[in-house]
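Residue numbers (my numbering): 10 to 193. By construction, the Cβ of each residue, glycine as well, lies at the ideal position given by its N, Cα and C atoms. As structure tokens, the structure follows; a few thoughts come after it.
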Amino acid sequence: MVYGFETGDRPTLDEVLNTRENRAGFQHLLLNKFPGHPVISFKLNIPGPVKNNEAIRQIFRIGQEDILAQLNAHRLDICYQKTLDLPTGPELFLVVEAQPWALKKAMTILEEETPLGRLYDIDVLHEEEGEQKSVSRTQLGLPSRRCLVCEKDAKVCGRSRAHTMDEMHEEIIKMMNNERRLKI
């Protein structure tokens with residue numbers, strides 16, 4: 010196992026499913042409380058059983074800084090902000106005064122162009138005709154997320170388990186080594 014991913018919180022499947030359900034409920038609550046405003050839901054894509062430890066929290070904090078800087082650069086106002094530190098991993102929720110598609114495009118830039126961006130899972134949600142919707146990359150004419158290891162479609166590699174956990178963690182370590190703000 011690679012340093013940084015062998016120790017830390019290892020949530021059970023029930024914890025992961027409960028967190029997912031709670032996240033969806035909270036997103037829905039925010040969309041109802043702030044009508045007409047999109048919600049950013051940020052967490053990390055960390056393969057393996059360990060979902061929270063000091064290294065993961067540092068990566069998350071850098072991602073949070075990147076998101077806030079991107080919003081500031083686009084002069085977008087934040088109506089609400091909440092950060093959670095859970096055994097299933099840290100999470101950030103933001104309600105922003107913006108158009109959902111422009112906001113997703115700005116967040117996709119972070120996912121693609123920052124040293125740790127490939128680890129960022131930044132969803133932009135909005136309400137459309139009374140339903141909660143997520144803005145997808147394909148709606149913006151952008152390609153799917155790329156695999157950490159081989160650059161192919163991440164979902165294809167994930168479903169087929171094309172790479173070992175160690176291979177994925179090695180790639181993450183390379184990303185971490187390219188991020189000067191990381192103090193590990």
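Can you tell which of the options has the C-alpha that lies nearest to the C-alpha of residue i?
i, options, result
"His46", "Gln141, Gly98 and Ile68", "Gln141"
"His83", "Leu22, Leu119 and Met174", "Leu119"
"Thr117", "Pro99, Arg146, Glu100 and Gly98", "Arg146"
"Leu151", "Ala115, Arg170, Leu134 and Glu136", "Ala115"
"Gly34", "Glu106, Glu122 and Leu134", "Leu134"
"Leu149", "Asn62, Lys113, Leu80 and Leu101", "Lys113"
"Pro124", "Leu38, Thr21 and Ile68", "Ile68"
"Asn61", "Gly139, Val25 and Met184", "Val25"
"Gln108", "Ile49, Ser169 and Thr92", "Ile49"
"Val104", "Glu30, Arg190, Leu38 and Ser169", "Leu38"
"Gln36", "Arg190, Lys91, Glu180 and Arg170", "Lys91"
"Gln79", "Ala111, Glu63 and Leu93", "Ala111"
Could you tell me which residues DSSP pairs with residue i in its beta bridges?
i, result
"Glu136", "Gln141"
"Pro47", "The partner list for Pro47 (beta bridge, DSSP) is empty, contrary to what the question assumes."
"Ile131", "Phe51"
"Asp23", "Answer by DSSP bridge pairing: none, since Asp23 is not bridged."
"Arg155", "Asp162"
"Asp18", "Asn61"
Taking 8 Å as the CB-CB cut-off, is residue i touching chain B?
i, result
"Gln148", "This model lacks chain B altogether, as it is built from one protein chain only."
Using a Cβ-Cβ cut-off of 8 Å (strictly less than) and excluding sequence neighbours within five positions of residue i, which residues of its own chain qualify?
i, result
"Val59", "Phe14, Glu15, Thr16, Gly17, Asp18, Arg19 and Ile65"
"Cys166", "Cys156, Val158, Cys159 and His172"
"Ser196", "Residue 196 falls outside the range modelled here, since the chain spans only 10 to 193, and no answer is possible."
In terms of residues, what are the limits of the beta strand (DSSP E) holding residue i?
i, result
"Pro99", "Gly98 to Val105"
"Thr92", "Ile87 to Leu95"
Can you name, in chain order, every residue of its own chain whose Cβ lies under 7 Å from the Cβ of residue i, other than the five neighbours on each side?
i, result
"Met174", "Pro56 and Gly57"
"Thr28", "Leu95 and Thr97"
"Gly203", "As displayed, the chain neither begins before 10 nor continues past 193, which places residue 203 out of reach and without an answer."
"Glu106", "His46, Leu85, Asp86 and Cys88"
"Asp75", "Leu119 and Thr123"
Residue i lies in the alpha helix (DSSP H); which residues open and close that run?
i, result
"Gly72", "Glu63 to Ala82"
"Leu112", "Pro109 to Glu122"
"Glu176", "Met174 to Asn186"
Excluding five sequence neighbours on each side, which residues of the same chain lie with their C-beta closer than 6 Å to the C-beta of residue i?
i, result
"Ser143", "Asp132 and Leu134"
"Leu93", "Glu100"
If residue i sits next to residue j, beta carbons under 8 Å apart, how far is it from one beta carbon to the other, in whole angstroms?
i, j, result
"Glu100", "Lys52", "5 Å"
"Met177", "Leu128", "Not quite, the Cβ-Cβ distance comes to about 10 Å (not below 8 Å), so this is no contact."
"Asp130", "Asn186", "21 Å between Cβ atoms; not a contact."
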